[in-house]
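The structure appears right after this line, and notes come after that.
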Amino acid sequence: MSVSSCIRLFVVLGMLPTVGGFAAESTRSKGIQTLLAALNLDRPGLEKVKAAQNDPAAAARELLAYYRARTSVKHPADRARSADVRGKFADKRCLEIADDAVKNILITCPHYPRFDFGPDIDWFTNRNPKRDKEWLWQLHRQSSWGALGRAYRHTGDEKYARAYVRQLLDWLKKCPCRKGSPAWRTIEAGIRGFSWTTHFQYFLDSPAFTPEVLTAFLNGCREHAVYLTSRKFSRNNWGLMEAEGAAFIGFTFPEFKEAAAWRAKAIKHLNAEIRKQVRADGMQVEQCLGYHSGCIHWFARTAEIAKLNGGENEFPPEYFRRLEAMCAVFLKLGLPDGGNTQFGDDHSQFHWRRVLERWAPVFNRGDFLYVATGGKKSTPPKETAFALKDSGFYSMRSGWDENAVCLVLKCGPNGGWHCQPDNGTFEIFAGGRRLTPDSGSYIYSGDAAGRAWFRRTRVHQTMTLDGKDIAYRPKLRLWKPGGDLDVLVVENQSYPHFTHRRTVLFVKKKYFVVVDEALGTAKGAAMLHFQLAPGDAILDKKRFRAHTAFKDGTNLLVQTVARPGLKLVKEEGRVSFEYGKWKPRPAFRFELKKAAVPLRFITVLVPYTGEVPTVRVETVGSPPPGAEQMKLDATVSGETTRIGWALPAGKP
Ligand code: CA
């Protein structure tokens, strides 16, 4: 077709409003008929809709009247509360997001700036400079619509409702459900299934939410529920969101003939997965605290809406015991100031204290409340050291104040895509500072080389052979917390014929002695990697020590016992505290080239203020690497402490 004929066609269409209007009417009619066929019109309350079913426009009007009058279905975002929360429902940032959304400036992936899509939104173009696919995928989470809803409930300003309705209809028109569409990744479909039912609570009473909008919205909801339940739910955190989306549509719209089946499939999945995805120690199998936190929500919210609607027996007490164990993970592994370690794909900080505070009264856990409030309420936990033996996370701390000394170590099974081959790695926190933050994960897609850099074993605080990635073959050998000495001994068979045994001793709740042994017969360079907090650092190659150089507050000294052939080698250091961003930081390794395994490094890590402490460590006698018991004399700033441990008898 030529350009001129194209123009003529547009003119012709433009001159035939009656025909166009008829077509739109026909589409609307088809939409309501599709919807009515999917609803159980014999359900009490739908009598008028049923009576009007041969008059599509009237039926849609009656259906809207039904939903506005309906009180039988409860939702956590209950619209009955709208008047109570006017002026108290959106903060400044939320209103900014909503005001942007009115102008088609939308959240894509929330880690990137909001993007101005102009008057006609192209829902399929990736405009991210890094070509990060998450940018486009996560646009379809429609995060800005939640802000529109909150702003509408906060202000009552119809501009927010009009913007929502306009974008909803545009999205429904331009983003049909089809396999492989960037708009229909199952995780986003699940997230929408949940969020759309919330939007419904926000916007149902707006004049902008017309019978036609209701019809399109409900057909869209059904499409989501059918799409999500017509396949097996994924076996990771995605599956929880997929199930949640289907469940929320099923609970919010029981008028659909298939609603009970959607709910049943989702509830069955959640009940099964809390046993499969949550280990006995409470940690979610993907080994990331951020996803762990998300999983708490995804498991809990469906149980909550079920309870609101008479389905409390759908989730047995064991389900809630697992949820409680999941919450307790934050108490055990959270950093003293409410921050978190960043193992695996924990790409940033999240607010786990809020989760503990929310669940403290539900589980009657004063210790949750204490940790959640930074010690302002209730009483502290009895212990200061915790082992999650199934997932391989361990923590030791000097106390519960925000300046406490704390170490969190990971040596666990492979948690899949979000997990990194980092067994043995740890973070040290002291004086309000993360002194050895994990490198983080930086990005998920778009910069494959960048993601790979952060994933490698050798950018973690552990031992490698020739800097190569390790396997996940963890084993706990000893866990013995105690007053003046916490002892942890873990092993990882990192390579064929090369087992890394790491012994961590927390001495007098002040400093750490780490004994690293390479056991086996492998040949190569044994490398012990360390990474420090961003900022200046002093690397002292002669004394085999390095320390941070903060002018104020707490620093960290890392010093290894000298031995023939030992070298301190500077490494490239990077750390990512925010998705998509990284900064340089000091890093180094202690190296023994052409090392004869078995061998041993002994390192002291001392958080300190003021002058760099003097450190000396000597073994008592000459226990060979791999010895089942050892004694050491550790001297820090002139104070000598004898420390020792013995592995349990029997075959390792
Ligand atoms: Ca890492």
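Start counting the sequence shown at 1279; every next residue gets the next number (this note's numbering).
Ideal placement from N, C-alpha and C gives every residue a C-beta, glycine not left out.
Between which two residues does the alpha helix (DSSP H) harbouring residue i extend?
{"i": "residue 1480", "result": "1464-1481"}
{"i": "residue 1422", "result": "1421-1433"}
{"i": "residue 1377", "result": "1370-1380"}
{"i": "residue 1270", "result": "The structure shown has nothing for residue 1270, since the chain only spans 1279 to 1930."}
{"i": "residue 1804", "result": "Unbroken run through residue 1804 is the beta strand (DSSP E), 1801-1809; no alpha helix (DSSP H)."}
{"i": "residue 1772", "result": "Unbroken run through residue 1772 is the beta strand (DSSP E), 1763-1773; no alpha helix (DSSP H)."}
{"i": "residue 1491", "result": "1489-1507"}
{"i": "residue 1547", "result": "1537-1554"}
Rank the options by C-alpha distance to the C-alpha of residue i and give the top, closest one.
{"i": "residue 1821", "options": "1782, 1789, 1792, 1894", "result": "1894"}
{"i": "residue 1514", "options": "1685, 1570, 1457", "result": "1570"}
{"i": "residue 1505", "options": "1455, 1483, 1473", "result": "1455"}
{"i": "residue 1520", "options": "1531, 1532, 1546", "result": "1546"}
{"i": "residue 1668", "options": "1830, 1747, 1559, 1624", "result": "1559"}
{"i": "residue 1318", "options": "1405, 1368, 1462, 1534", "result": "1534"}
{"i": "residue 1389", "options": "1798, 1423, 1411, 1451", "result": "1411"}
{"i": "residue 1509", "options": "1890, 1840, 1467, 1649", "result": "1467"}
{"i": "residue 1531", "options": "1486, 1544, 1478", "result": "1478"}
{"i": "residue 1618", "options": "1685, 1421, 1502, 1391", "result": "1685"}
{"i": "residue 1763", "options": "1551, 1909, 1351", "result": "1909"}
{"i": "residue 1444", "options": "1476, 1431, 1481", "result": "1481"}
{"i": "residue 1683", "options": "1462, 1612, 1475", "result": "1612"}
Given a threshold of 16 other Cβ atoms within 10 Å of its Cβ, counted over all protein chains shown, does residue i qualify as buried or as exposed?
{"i": "residue 1577", "result": "buried"}
{"i": "residue 1916", "result": "exposed"}
{"i": "residue 1695", "result": "exposed"}
{"i": "residue 1596", "result": "exposed"}
{"i": "residue 1614", "result": "buried"}
{"i": "residue 1922", "result": "exposed"}
{"i": "residue 1594", "result": "exposed"}
{"i": "residue 1604", "result": "buried"}
{"i": "residue 1705", "result": "buried"}
{"i": "residue 1836", "result": "buried"}
{"i": "residue 1843", "result": "exposed"}
{"i": "residue 1436", "result": "exposed"}
{"i": "residue 1473", "result": "buried"}
{"i": "residue 1599", "result": "exposed"}
{"i": "residue 1700", "result": "buried"}
{"i": "residue 1296", "result": "The pLDDT assigned to residue 1296 is 43, lower than 50, so where the model puts this residue is not dependable, and the model offers no usable value."}
{"i": "residue 1688", "result": "buried"}
Here's a check: name, in chain order, each residue in its chain whose Cβ is nearer than 7 Å to the Cβ of residue i, leaving out the five neighbours to either side.
{"i": "residue 1855", "result": "1626, 1718"}
{"i": "residue 1426", "result": "1376, 1379, 1438, 1441, 1442"}
{"i": "residue 1564", "result": "1514, 1515, 1693, 1694, 1696, 1697"}
{"i": "residue 1294", "result": "Model confidence at residue 1294 stands at a pLDDT of 39, short of 50, so the residue's coordinates are unreliable; what they give is reported in the following sentence. Contacts found: none."}
{"i": "residue 1490", "result": "1306, 1338"}
{"i": "residue 1285", "result": "Residue placement at residue 1285 cannot be trusted, given a pLDDT of 35 that sits under 50; what the coordinates show is reported in the next sentence. For residue 1285, where only same-chain residues beyond five positions count, there are no Cβ hits under 7 Å."}
{"i": "residue 1512", "result": "1464, 1520"}
{"i": "residue 1572", "result": "1515"}
{"i": "residue 1500", "result": "1316, 1534"}
Could you pull the start and end residues of the beta strand (DSSP E) that residue i belongs to?
{"i": "residue 1923", "result": "1917-1924"}
{"i": "residue 1914", "result": "1907-1914"}
{"i": "residue 1741", "result": "1741-1743"}
{"i": "residue 1636", "result": "It is not in any beta strand (DSSP E) - residue 1636 instead sits in the alpha helix (DSSP H) that spans 1630-1637."}
{"i": "residue 1833", "result": "1833-1838"}
{"i": "residue 1900", "result": "That residue, residue 1900, is in no beta strand (DSSP E); it is neither H nor E in DSSP."}
{"i": "residue 1886", "result": "1877-1886"}
{"i": "residue 1731", "result": "Segment 1726-1733 is the alpha helix (DSSP H) holding residue 1731; no beta strand (DSSP E) there."}
{"i": "residue 1782", "result": "1776-1785"}
{"i": "residue 1675", "result": "1671-1675"}
{"i": "residue 1517", "result": "No beta strand (DSSP E) holds residue 1517; the alpha helix (DSSP H) holding it covers 1515-1530."}
So, at 8 Å on beta carbons, what are the nonlocal neighbours of residue i in its own chain, with the 5 sequence-adjacent residues on each side left out?
{"i": "residue 1337", "result": "1310, 1314, 1327, 1330, 1331"}
Going along the chain, which residues of its own chain have a beta-carbon closer than 6 Å to the beta-carbon of residue i, five neighbours each way excluded?
{"i": "residue 1528", "result": "1537, 1540, 1541"}
{"i": "residue 1925", "result": "1755, 1756, 1906"}
{"i": "residue 1356", "result": "none"}
{"i": "residue 1759", "result": "1663"}
{"i": "residue 1709", "result": "1681, 1831, 1832"}
{"i": "residue 1368", "result": "1428, 1429, 1432"}
{"i": "residue 1814", "result": "1827"}
{"i": "residue 1901", "result": "1908"}
{"i": "residue 1321", "result": "1533"}
For chain B, find out if any of its Cβ atoms is closer than 8 Å to the Cβ of residue i; answer yes or no.
{"i": "residue 1663", "result": "Protein chains in the displayed structure number just one, and chain B is not present."}
The segment 1727-1735 contacting the segment 1862-1876, beta-carbon criterion three pairs below 8 Å: no
Do the segment 1583-1593 and the segment 1647-1667 make contact, defined as three or more Cβ pairs closer than 8 Å? no
Quick check: the segment 1811-1820 against the segment 1777-1795, are there 3 or more CB pairs under 8 Å? no
Quick check: the segment 1674-1690 against the segment 1796-1805, are at least 3 beta-carbon pairs closer than 8 Å? no
Counting Cβ pairs closer than 8 Å, one from the segment 1781-1796 and one from the segment 1876-1894, do we hit at least three? yes
Would you say the segment 1764-1772 touches the segment 1744-1752, given that touching needs at least three Cβ pairs under 8 Å? yes
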